[in-house]
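Following: one structure in structure tokens, then a few remarks.
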Amino acid sequence: MTEKRITIVEKILDANDRLASENRRRLNENTIFAINLMASPGAGKTSLILATIHALLDQSVPIGVIEGDTAPVTIDADKISAVGMPVVQINTGGECHLDAVMVENALDQLPLATLDLVIVENVGNLICPAAFKLGTHSNVLIASVPEGDDKPYKYPNIYRGLDVLIINKIDLLPYLDFDMDYFRQGVEMLNPGLKTFALSCKTGEGLEAWLSWLQATKPS
Ligand code: MG
Ligand code: ZN
């Protein structure tokens, strides 16, 4: 029985990978750089997207956003829409992650030819979003200071597959027992040399380095 179940899971992931490649092809065709933004709930995914949009708006970088939520709400999508960027809300109907089919359907609804950057806000969860490829170019995780410094040790899989790590809410460091060295040691063990930005979406501290990386990495 177990063997059969493993085969089925492998088939699902295979089919997902094929669709993810198709999504990637479509993004490349439109010279779009796409990010899979992951984090636990409340880490600041939407805040980082909004801060990024505000900062890049001046340089007229058109950004499309795909918002993943398990519940049928548009709270985050409304915030993106309010700043005038195209946004598609995906309600996963209880699923705790996005997959390549959902992203394919969302891409259908975005004006791809006009966009430079697509940010996919994955469902707030540190476990299965890591297992499903979406076709995006870069896996970015936000770890926020209030979550604690032990998360790399407890959720190693998501850290192993990252291209970029953002440590958010550093303005709260003086008030919390967050051991930055211990946290960074855990990350280094799993993903040596991982590009990391420590910042605060609230105060704006550290945002500049993240934005410069984004500007340098996306196709111009
Ligand atoms: Mg959000
Ligand atoms: Zn899931």
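Numbered by numbering that gives the first Met the number 0, the letters in the sequence shown go through residues 0 to 219 in order. All C-beta atoms in this analysis are idealised placements derived from N, C-alpha and C, irrespective of residue type, glycine included. Quantities reported herein were computed from a predicted structural model and do not represent experimental measurements.
- DSSP links N35 through a beta bridge to V119, N138.
- Measuring C-alpha to C-alpha distances from N156 to each of I165, R183, N190, P173 identifies N190 as the nearest.
- L36 has its alpha-carbon roughly 13 Å from the corresponding atom of L49.
- Considered as a whole, the stretch 43-101 harbours 44-56, 74-81 as its complete alpha helix (DSSP H) runs of no fewer than 4 residues, in chain order.
- With contacts defined by Cβ atoms closer than 8 Å, F182 and P218 do not form a contacting pair.
- Bridge pairing for F196: I165 [DSSP].
- In the displayed model, S143 falls within a strand according to three-state DSSP.
- Straight across, the Cα-Cα distance linking A54 with D115 is about 15 Å.
- The continuous stretches of alpha helix (DSSP H) do not include D178, and DSSP gives it neither H nor E.
- With a contact defined as Cβ atoms closer than 8 Å, I169 and T195 miss out at about 12 Å.
- For L171, same chain residues with a beta-carbon under 7 Å away, outside a window of 5 residues either side, are V144, P145 in chain order.
- Between G63 and C200, the C-beta gap is not smaller than 8 Å, which leaves the two residues out of contact.
- For K150, the uninterrupted alpha helix (DSSP H) run begins and ends at 150-153, by DSSP.
- By alpha-carbon distance to E187, the top candidate from E204, T216, Y174, D149 is D149.
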